[in-house]
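Structure first, commentary second.
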(Lines of atoms letter the chains of each structure in order from A and count residues from 1; the text may use other names and numbers.)
(Lines give C-alpha, C1' and ligand atoms only; values in the text may rest on other atoms or scores of the structure.)
Protein backbone atom coordinates (compact mmCIF):
# COMPACT_ATOMS: atom_id res chain seq x y z
CA UNK A 1 0.00 0.00 0.00
CA UNK A 2 1.28 3.43 -0.92
CA UNK A 3 0.82 5.95 1.92
CA UNK A 4 0.90 9.69 1.16
CA UNK A 5 0.46 12.76 3.33
CA UNK A 6 -1.60 15.63 1.92
CA UNK A 7 -2.91 18.89 3.35
CA UNK A 8 -6.18 20.66 2.59
CA UNK A 9 -6.40 21.59 -1.12
CA UNK A 10 -3.53 19.26 -2.02
CA UNK A 11 -4.15 16.45 -4.50
CA UNK A 12 -2.88 13.17 -5.82
CA UNK A 13 -3.18 12.06 -9.44
CA UNK A 14 -4.15 8.47 -10.28
CA UNK A 15 -3.31 7.59 -13.85
CA UNK A 16 -4.03 10.30 -16.37
CA UNK A 17 -7.66 11.02 -15.58
CA UNK A 18 -8.36 10.70 -11.83
CA UNK A 19 -7.49 13.42 -9.32
CA UNK A 20 -8.20 13.12 -5.58
CA UNK A 21 -8.12 16.35 -3.52
CA UNK A 22 -8.31 16.77 0.26
CA UNK A 23 -11.24 19.17 0.74
CA UNK A 24 -11.53 19.30 4.52
CA UNK A 25 -10.27 17.64 7.71
CA UNK A 26 -12.32 17.74 10.91
CA UNK A 27 -11.10 15.54 13.73
CA UNK A 28 -10.79 12.03 12.34
CA UNK A 29 -12.95 12.71 9.26
CA UNK A 30 -11.38 13.60 5.91
CA UNK A 31 -13.52 14.92 3.02
CA UNK A 32 -12.16 14.07 -0.41
CA UNK A 33 -13.06 15.50 -3.79
CA UNK A 34 -12.63 13.16 -6.75
CA UNK A 35 -12.39 14.33 -10.36
CA UNK A 36 -12.81 11.35 -12.67
CA UNK A 37 -14.47 10.57 -15.99
CA UNK A 38 -18.22 10.05 -15.66
CA UNK A 39 -17.83 6.41 -16.74
CA UNK A 40 -15.64 5.71 -13.68
CA UNK A 41 -17.50 3.92 -10.91
CA UNK A 42 -16.49 5.13 -7.45
CA UNK A 43 -17.65 3.21 -4.38
CA UNK A 44 -17.12 3.60 -0.67
CA UNK A 45 -15.09 0.52 0.29
CA UNK A 46 -17.58 -0.80 2.85
CA UNK A 47 -20.35 -0.81 0.21
CA UNK A 48 -18.10 -2.40 -2.39
CA UNK A 49 -17.34 -5.26 0.02
CA UNK A 50 -21.09 -5.86 0.57
CA UNK A 51 -21.79 -5.85 -3.18
CA UNK A 52 -18.96 -8.30 -3.90
CA UNK A 53 -20.10 -10.67 -1.14
CA UNK A 54 -23.75 -10.57 -2.22
CA UNK A 55 -22.73 -11.19 -5.85
CA UNK A 56 -20.71 -14.22 -4.73
CA UNK A 57 -23.69 -15.52 -2.74
CA UNK A 58 -26.02 -15.02 -5.73
CA UNK A 59 -23.58 -16.81 -8.06
CA UNK A 60 -23.26 -19.70 -5.60
CA UNK A 61 -27.05 -19.96 -5.28
CA UNK A 62 -27.37 -19.99 -9.08
CA UNK A 63 -24.81 -22.81 -9.36
CA UNK A 64 -26.58 -24.82 -6.65
CA UNK A 65 -30.10 -24.29 -8.03
CA UNK A 66 -31.66 -27.42 -9.51
CA UNK A 67 -31.58 -27.61 -13.29
CA UNK A 68 -34.71 -26.20 -14.84
CA UNK A 69 -35.44 -23.94 -11.89
CA UNK A 70 -37.27 -20.97 -13.33
CA UNK A 71 -36.56 -18.45 -10.58
CA UNK A 72 -33.41 -16.34 -10.93
CA UNK A 73 -31.62 -15.47 -7.66
CA UNK A 74 -31.99 -11.78 -6.82
CA UNK A 75 -29.77 -9.48 -4.80
CA UNK A 76 -31.31 -8.57 -1.45
CA UNK A 77 -33.08 -5.20 -1.46
CA UNK A 78 -30.75 -4.13 1.35
CA UNK A 79 -27.95 -3.78 -1.21
CA UNK A 80 -29.90 -1.25 -3.22
CA UNK A 81 -31.13 0.69 -0.20
CA UNK A 82 -27.51 1.26 0.81
CA UNK A 83 -26.61 2.42 -2.69
CA UNK A 84 -29.24 5.15 -2.60
CA UNK A 85 -27.24 6.88 0.13
CA UNK A 86 -24.35 7.58 -2.25
CA UNK A 87 -24.43 11.06 -3.70
CA UNK A 88 -22.70 12.08 -6.89
CA UNK A 89 -21.85 15.75 -7.16
CA UNK A 90 -20.76 17.04 -10.52
CA UNK A 91 -19.83 20.67 -11.08
CA UNK A 92 -22.32 22.67 -13.10
CA UNK A 93 -21.31 24.05 -16.46
CA UNK A 94 -20.42 27.73 -16.66
CA UNK A 95 -23.17 29.97 -18.04
CA UNK A 96 -23.26 29.99 -21.80
CA UNK A 97 -21.49 26.64 -22.17
CA UNK A 98 -23.52 23.83 -23.75
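Numbering (the numbering used here), first residue to last: 6 to 103. Glycine included, C-beta positions come from ideal geometry on N, C-alpha and C. On a predicted model such as this, the values are computed, not experimentally measured, just so you know.
Mind checking whether residue i and residue j have CB atoms under 8 Å apart?
i          : j          : result
residue 35 : residue 27 : yes
residue 30 : residue 17 : no
residue 47 : residue 56 : no
residue 22 : residue 41 : yes
Please state whether DSSP places residue i in a helix, a strand or coil.
i           : result
residue 24  : strand
residue 33  : coil
residue 106 : Residue 106 cannot be examined here, being either before or after the span of the chain that is shown, 6 to 103.
residue 39  : strand
residue 56  : helix
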